[in-house]
Amino acid sequence: MNKKSGGGFTLIEMAIVVLLCGIILVSLISAYQVYTVNQRRGATVANEKVIQDALNNYYFSLNHYPCPAAPGANDGVEVCTGLPPAGTCNANGLCVASGRDADGDGTADLVIIGVVPFATMQSARLPADNSPLQGVTVSGTQIVDGWDHKIFYAVSQKLTSGTTFNPTFGAIDVVDENNIDVLALPGSAHYVLYSAGDDGAGAYTKDGVLYAPCAPSKAEGKNCDNDATFISGLRAVSSGNNYNDDILSYAKINPSSLWNNSATDPSAAANTNAGNVGIGTDQPEQKLDVRGNIQAIKAYAHQVCDSVGKNCYDPNIIAGTGVSCPQGQAMIALGRANADADPGAQCAQVFPALININCGSKVLAGYTVNAQGIVSATCVAPP
Ligand SMILES: [Ca+2]
Ligand SMILES: [Ca+2]
Ligand SMILES: [Ca+2]
699 MNKKSGGGFT LIEMAIVVLL CGIILVSLIS AYQVYTVNQR RGATVANEKV IQDALNNYYF
759 SLNHYPCPAA PGANDGVEVC TGLPPAGTCN ANGLCVASGR DADGDGTADL VIIGVVPFAT
819 MQSARLPADN SPLQGVTVSG TQIVDGWDHK IFYAVSQKLT SGTTFNPTFG AIDVVDENNI
879 DVLALPGSAH YVLYSAGDDG AGAYTKDGVL YAPCAPSKAE GKNCDNDATF ISGLRAVSSG
939 NNYNDDILSY AKINPSSLWN NSATDPSAAA NTNAGNVGIG TDQPEQKLDV RGNIQAIKAY
999 AHQVCDSVGK NCYDPNIIAG TGVSCPQGQA MIALGRANAD ADPGAQCAQV FPALININCG
1059 SKVLAGYTVN AQGIVSATCV APP
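So our numbering is basically just the index in the sequence shown, starting at one, shifted up by 698.
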């Protein structure tokens, strides 16, 4: 009965073939799904990088970030005023959250949560000459993630205005999957960008429609629960409350051991090292030792010395009350008569050859000096 008949297959052989085809197909589908997700995640990371670069260019040009646009609107225009109260969202999905009290006035600093204001960024102008900003253009395909959902943009409100901007006023917190802060100073991120990832929970489509509701009980719910804390955690896509497929990037202050914001003027920077600072040298010999040219509009100094700190001049010799010569004499050099002399002017008679020339009632019209130094004056009648 198990013998092949007429060159065909037995039922068992057919079953094995079907089973193998099934196994291969499942593997292919699974591999294709992984490939697709990786592609979409890669596109999302790339777009967030483009947006970050644009936001940073905007900030460096205008000294503040733009406000977010409303997720439910599609004009890409920032919304800075008429905001919903803290802890709430408006009908267009724009939310305001209470963040860290960064300015220390006892009141929570606000965080505005929305999407990338691409139109505002593209039309921004430099105040100095009204020229368009460079490097701030983000296209329509770059404001969405790999699933065509809008990438969220949350920013510390004080950093959206040049008058309140202070780099230490980031009010946003970012934690990892274990709820551990990823920032050196908790709650100090300037802004975050995030994609709602594979499941699109809480995301808005590119047409401004809510795609799926937020699931606050899941780990990734930290991103869509509209408070000022976000999660930048490992990808976890098994079911359960650890689920997180979101893709988040953020901007923060990079702490530096060399520079700090001035305690008296937060907009100024002060160096913190006790030793010297070198530019063009790793062996600085002065508080600031520049081995190269310095370009400045004005230079202020109490003394100007030679390269070994000797032969110092008071700059007032040139820029202050200056130096003077006796009447009838003119300065022929500025310097020292010898190494021990005080700096000053070297003076000389204006026309030494003409001493003792007397034209009587006439006036001097010219003179020559021959090789022997004998002066011949030409005196003429006054005009
Ligand atoms: Ca405050
Ligand atoms: Ca998600
Ligand atoms: Ca949150």
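Every residue gets a Cβ at the ideal spot worked out from N, C-alpha and C, and that includes glycine. Just so we're clear, the structure is a prediction, and the values are computed from it rather than from any experiment.
What residue does the alpha helix (DSSP H) around residue i start on, and which one ends it?
i	result
Ser1059	Where Ser1059 is concerned, there is no enclosing alpha helix (DSSP H), given that its DSSP letter is neither H nor E.
Ala740	Going by the sequence as given, residue 740 is Gly instead of Ala. Taken as a continuous stretch (DSSP letters only), the alpha helix (DSSP H) holding Gly740 covers 709 to 760.
Ser778	The amino acid at residue 778 is misidentified as Ser; the sequence shows Cys. Note, Cys778: premise wrong, no alpha helix (DSSP H); not H, not E.
Phe816	816 to 820
Specify, as a first and last residue, the run of the beta strand (DSSP E) that residue i falls within.
i	result
Gln1027	1027 to 1033
Pro1077	Note that residue 1077 is Cys in the sequence shown, not Pro. 1073 to 1078 is the span of the beta strand (DSSP E), which, as asked, contains Cys1077.
Asn1084	Residue 1084 lies beyond the residue range present for the chain, which begins at 699 and ends at 1081; the question has no answer from this structure.
Val890	889 to 893
Gly906	Premise fails: Gly906 is in no beta strand (DSSP E) and is neither H nor E.
Asn969	967 to 969
Cys1047	First, the residue type needs correcting, since residue 1047 is Gln and not Cys in the sequence shown. Here the beta strand (DSSP E) through Gln1047 covers 1042 to 1047.
Ala795	793 to 796
Leu1052	That residue, Leu1052, is in no beta strand (DSSP E); it is neither H nor E in DSSP.
Ser854	850 to 854
Ile878	Here Ile878 belongs to no beta strand (DSSP E), and DSSP marks it neither H nor E.
Gly885	It is not in any beta strand (DSSP E) - Gly885 carries neither H nor E in the DSSP assignment.
Gly804	No beta strand (DSSP E) holds Gly804; DSSP gives it neither H nor E.
Tyr941	It is not in any beta strand (DSSP E) - Tyr941 carries neither H nor E in the DSSP assignment.
Val872	871 to 873
Ile841	Here Ile841 belongs to no beta strand (DSSP E), and DSSP marks it neither H nor E.
Thr858	First-last for Thr858: undefined, no H or E at that position.
Thr927	927 to 929
Hey, residue i and residue j: beta-carbon distance below 9 Å or not?
i	j	result
Tyr763	Tyr889	yes
Val809	Ala852	yes
Gly868	Ser886	yes
Gly931	Asp874	yes
Ala926	Ala913	no
Ala999	Lys950	no
Leu792	Gly770	yes
Leu836	Ile945	Strictly speaking, residue 836 in this sequence is Val, with Leu absent from that position. For Val836 and Ile945, no; Cβs fall outside 9 Å.
Asn969	Leu956	yes
Tyr1065	Ile1055	yes
On a Cα-Cα basis, can you pick out the residue from the options that is closest to residue i?
i	options	result
Asn761	Leu908, Ala817, Leu857, Ser837	Leu857
Ala741	Gln832, Tyr892, Pro830	Tyr892
Asn924	Gly720, Pro782, Asp751	Pro782
Asn1009	Pro884, Gln1025, Ala1031, Asp1038	Asp1038
Lys996	Pro1013, Phe758, Trp957, Glu983	Pro1013
Gln832	Asp980, Val716, Tyr757, Met1029	Tyr757
Pro815	Ala767, Arg798, Asp801, Gly844	Ala767
Ser937	Ile1072, Lys916, Asp827	Lys916
Val735	Arg989, Asp896, Tyr941	Asp896
Asn864	Gln1070, Cys1023, Gln855	Gln855
Asp751	Ile721, Met819, Cys765	Met819
Gly785	Asn772, Pro1050, Gly774, Asp807	Asp807
Gly990	Gly706, Thr979, Val834	Thr979
Gln1047	Asn1036, Ile1030, Cys1057	Ile1030
Tyr941	Leu723, Ile929, Val716	Ile929
Cys778	Gln731, Ser759, Gly812, Asp799	Gly812
Ile841	Lys904, Asp879, Leu824, Asn828	Lys904
Asp1144	Ser759, His847, Cys787	In the structure displayed, the chain extends from 699 to 1081; residue 1144 sits before or after that span and is not available.
Asp879	Thr866, Asp843, Lys920	Lys920
Complete beta strand (DSSP E) runs within the region 971 to 1040 (minimum length 3 residues, chain order):
Complete beta strand (DSSP E) runs here, min 3: 975 to 977, 986 to 988, 1027 to 1033.
Segment contact flag, the region 1074 to 1081 with the region 1048 to 1063, C-beta cutoff 8 Å, min 3 pairs:
Touching, yes.
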